[in-house]
Amino acid sequence: MAPKKLAQSYIVVGLFSSQANANKMAVKAKSKGFIPKVVKSNSNWRVILPENLSTKNKNLELVRKTLEKGAFKS
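When you line the sequence shown up against my numbering, it's residues 215 to 288, in that order.
See below:
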């Protein structure tokens with residue numbers, strides 16, 4: 215059976231048990247130029263960066279550079 219295709223891809227930049235901590239990460243990501251979303255996932259909260267085909271490579275490169283600078287370290 216072939217794997218299901220996702221309707222939209224995204225990059226997860228954080229997984230938290232606390233919504234408050236997820237919101238803090240989202241604020242940090244937004245200050246770096248990203249458009250984050252905080253979503254509930256079972257008993258956790260994810261901070262994601264939604265993707266689309268026109269921005270995927272640009273966003274992946276931006277995430278790589280941002281991670282190299284340690285921007286998402288808590």
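Ideal placement from N, C-alpha and C gives every residue a C-beta, glycine not left out.
DSSP-derived helix/strand/coil call for L257: Before going on, a small fix: residue 257 reads as Ser here, not Leu. Three-state result, S257: coil.
Test item: CB-CB of I249 and Y224 under 8 Å: no
Environment of G284 [buried if 16+ CB atoms lie within 10 Å]: exposed
When N256, R260, L229 and K246 are compared against R278, the one with the closest alpha-carbon: K246
Three-state class that DSSP yields for K242 in the structure shown: helix
Backbone CA spacing between S231 and V252 [nearest angstrom]: 12 Å
CA-to-CA distance, E282 to S255, given in whole angstroms: 27 Å
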